[in-house]
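Written out below as structure tokens is the structure these notes cover.
Chains as they are written, first to last, in the working numbering: chain A, 664 to 1032; chain B, 41 to 179.
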């Protein structure tokens, strides 16, 4: 007798659980369909972090942005796209999957990368801050009951106004804590191609200058740290290259190591703090229109033995770049830089120096905020 | 504070004089607020009153979550009654891109949408949604 009763109890429990699950699914579906993916938008460091390796650097964490760089030597055009940000489900670092397409010096680079951002609302760190906020907000004095014939506006004036002031202050502290230490890490792979992908003829000597379509492989890892929402920014990275100098049939792929390091500091706020607090972009993302000054160092080392395969005939290339970043809005930022390029060349062991100027623009084409 | 009708329960029935006349059916009701996970929602106050009452009752105050759902037990009372609900929902930390409020009968698993009547509500970061719904016929 006991067995059928237990079975019945299990069945009823199962039905109840299924019913609750169905209810939950219905509720969740009602908002999921309408909800666009939320994107975090800490934008202190969206300009490309390097000159020498700018074509392989996946700038930014936005849904879609474009980056243009002009100099006497190279023009770089880049587009970055994070398609998984369009989904409603968070897949950890895979949500920051980024496609990178760029063009520099006649070569096309395309790649993908994964990124981590500790200020994203999905990150465990911010989830802990959410929980802390939930505990703290319970300490606020509770609002009393609405009176019998009290209108919403009257209640707002009587009970809510003071509560809201305190709540806003606590929310400001939350963002201050969230943006005190900003850590971003990216890693990925790029494939590089020459402008002519394929040339073929019965004549073996035909177009031997465009014999190779594939230029090389690049693996990279880079990271940045910002203190107090961009007051001070530090970044660094390592690049592995195995690439050809040129497309002609004699060229072989050879190894290069690339290192980069940069530092910048906010020196001028372009809008006063009082005005800033009224701006929607500041409320949404805590973006501070600012002028930054900084310095970047980059180094590329050729690891091959044969000088014929070394890019620019150089064993070592070092670039020292003082720059000024002007961050006007989350959507529009530009950099003025003066890279000083020093090379150790194979030709009679000469050393060379080149001083140029670079203007770089970053456009956030689509943002989900 | 949740609101309860306990006299219809078998154990209490007949303990007080005249209680036999309260032969109402009753059910437990929940209020569910749903929105996308990882957006932060703060229910700053939730108050109810029955249509035949003059006072508002504070059911709950200051429940915050980033997990996509806040469900509050309103209480146990008769499906024959009419309710009014008043709430303030804040988006202090993130924008809330889609939010809806439902009233759920826990016993029958039926639910009705309290607000918004069509679609979903969006609350910008730093803003609030202060609103009410009158004449909710329980079910």
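For each residue, glycine too, the CB sits at the ideal point set by N, CA and C. Source: prediction; values computed, not measured.
Below-7 Å beta-carbon distance, residue i vs any chain A residue
i: residue 170 (chain B); result: yes
i: residue 161 (chain B); result: no
i: residue 148 (chain B); result: no
i: residue 145 (chain B); result: no
i: residue 87 (chain B); result: yes
i: residue 101 (chain B); result: yes
i: residue 181 (chain B); result: In the structure as shown, chain B starts at 41 and stops at 179, and residue 181 (chain B) therefore has no counterpart that could be examined.
Residue i at chain B interface by Cβ criterion, 7 Å
i: residue 804 (chain A); result: no
i: residue 980 (chain A); result: no
i: residue 801 (chain A); result: yes
i: residue 947 (chain A); result: yes
i: residue 678 (chain A); result: Because the pLDDT at residue 678 (chain A) is just 48, under 50, the model does not fix this residue reliably, and the point stays unresolved.
i: residue 923 (chain A); result: no
i: residue 709 (chain A); result: Confidence in residue 709 (chain A) is poor, its pLDDT being 49 and thus under 50, which makes the residue's placement too unreliable to answer from.
i: residue 815 (chain A); result: yes
i: residue 706 (chain A); result: Reliability of the predicted coordinates at residue 706 (chain A) is poor, the pLDDT of 49 falling under 50, and the value obtained from them is presented with this limitation in mind. No, its Cβ sits nowhere closer than 7 Å to a Cβ of chain B.
i: residue 771 (chain A); result: no
i: residue 837 (chain A); result: yes
i: residue 745 (chain A); result: no
i: residue 750 (chain A); result: no
i: residue 935 (chain A); result: no
i: residue 830 (chain A); result: yes
i: residue 797 (chain A); result: yes
i: residue 698 (chain A); result: Confidence at residue 698 (chain A) is low in this model, with a pLDDT of 48, below 50, so its placement is unreliable and no value can be given for it.
Partners in chain B for residue i, counting only beta-carbon separations shorter than 8 Å
i: residue 834 (chain A); result: 132, 133, 166
i: residue 819 (chain A); result: 170
i: residue 888 (chain A); result: Those within 8 Å of residue 888 (chain A) in chain B number zero; the least Cβ separation is about 23 Å.
i: residue 826 (chain A); result: 84
Beta-ladder partner(s) of residue i, from DSSP
i: residue 169 (chain B); result: B:129
i: residue 913 (chain A); result: Answer by DSSP bridge pairing: none, since residue 913 (chain A) is not bridged.
i: residue 138 (chain B); result: Looking at the DSSP assignment, residue 138 (chain B) forms no beta bridge with any residue, so it has no partner.
i: residue 846 (chain A); result: A:888
i: residue 1001 (chain A); result: Answer is none; residue 1001 (chain A) lacks a bridge partner.
i: residue 854 (chain A); result: A:773, A:880
i: residue 899 (chain A); result: A:886, A:924
i: residue 819 (chain A); result: DSSP lists no partner for residue 819 (chain A).
i: residue 919 (chain A); result: A:904, A:965
i: residue 150 (chain B); result: B:145
i: residue 992 (chain A); result: A:995
i: residue 161 (chain B); result: B:139
i: residue 177 (chain B); result: B:122
i: residue 155 (chain B); result: B:141
Contact list for residue i against chain A, beta-carbon separation under 7 Å
i: residue 126 (chain B); result: 809
i: residue 65 (chain B); result: Neighbours of residue 65 (chain B) on chain A: none; closest Cβ ~19 Å, over 7 Å.
Whole-angstrom C-beta distance between residue j and residue i, which should lie under 8 Å
i: residue 127 (chain B); j: residue 70 (chain B); result: With a Cβ gap of about 14 Å, residue 127 (chain B) and residue 70 (chain B) do not count as contacting.
i: residue 124 (chain B); j: residue 91 (chain B); result: 7 Å
i: residue 838 (chain A); j: residue 949 (chain A); result: 5 Å
i: residue 137 (chain B); j: residue 79 (chain B); result: 6 Å
i: residue 715 (chain A); j: residue 989 (chain A); result: No, residue 715 (chain A) and residue 989 (chain A) are not in contact; Cβ-Cβ is about 22 Å, not under 8 Å.
i: residue 918 (chain A); j: residue 872 (chain A); result: Actually they are not in contact, since the Cβ atoms of residue 918 (chain A) and residue 872 (chain A) sit about 24 Å apart, beyond 8 Å.
i: residue 853 (chain A); j: residue 773 (chain A); result: 7 Å
i: residue 953 (chain A); j: residue 916 (chain A); result: Going by Cβ atoms, the distance from residue 953 (chain A) to residue 916 (chain A) rounds to 42 Å, so no, they are not a contact pair.
i: residue 140 (chain B); j: residue 166 (chain B); result: Not really, about 21 Å apart at Cβ, beyond 8 Å.
i: residue 779 (chain A); j: residue 759 (chain A); result: 7 Å
i: residue 910 (chain A); j: residue 859 (chain A); result: 7 Å
Contacts that residue i makes with chain A (C-beta to C-beta distance below 8 Å)
i: residue 95 (chain B); result: 808, 811
i: residue 154 (chain B); result: What residue 154 (chain B) touches in chain A: nothing, since even the nearest Cβ is about 12 Å away.
i: residue 83 (chain B); result: Near residue 83 (chain B) there are no residues of chain A at all, since even the closest Cβ is about 10 Å away, more than 8 Å.
Partner residues on chain A for residue i, Cβ-Cβ distance less than 9 Å
i: residue 78 (chain B); result: 701, 753, 783, 784, 785, 789, 790, 793
i: residue 118 (chain B); result: None at all; the shortest Cβ gap to chain A is about 22 Å.
Neighbour list for residue i in chain B, Cβ cutoff strictly below 9 Å
i: residue 975 (chain A); result: Residues of chain B passing the Cβ test: none, with the nearest at roughly 47 Å.
i: residue 823 (chain A); result: 84, 85, 128, 168, 170
Chain-ordered neighbours of residue i on chain B, where CB pairs are closer than 7 Å
i: residue 968 (chain A); result: By Cβ distance, chain B contributes nothing, its closest Cβ being about 52 Å from residue 968 (chain A), past 7 Å.
i: residue 758 (chain A); result: Correct list: empty, because the minimum Cβ distance to chain B is about 10 Å.
i: residue 777 (chain A); result: Ordered by position in chain B, no residue passes the 7 Å Cβ test against residue 777 (chain A), which lies about 19 Å from the chain.
i: residue 874 (chain A); result: Simply none; closest approach about 51 Å.
i: residue 960 (chain A); result: By Cβ distance, chain B contributes nothing, its closest Cβ being about 37 Å from residue 960 (chain A), past 7 Å.
Residue i CB to nearest heavy atom of the ligand SAM below 6 Å
i: residue 974 (chain A); result: The ligand SAM is absent from the structure shown, which contains no ligand whatsoever.
* **Ordered list of alpha helix (DSSP H) runs contained in the segment 929–989 of chain A, each at least 4 residues** => Correct list: 936–939, 943–948.
* Which residue spans inside the segment 61–127 of chain B form an unbroken beta strand (DSSP E) run of at least 3? -> As far as the segment 61–127 of chain B is concerned, its whole beta strand (DSSP E) runs of at least 3 residues are 67–74, 81–90, 97–105, 109–117.
* **alpha helix (DSSP H) runs wholly inside the segment 741–787 of chain A, at least 4 long, in chain order** => You should have found no qualifying run.
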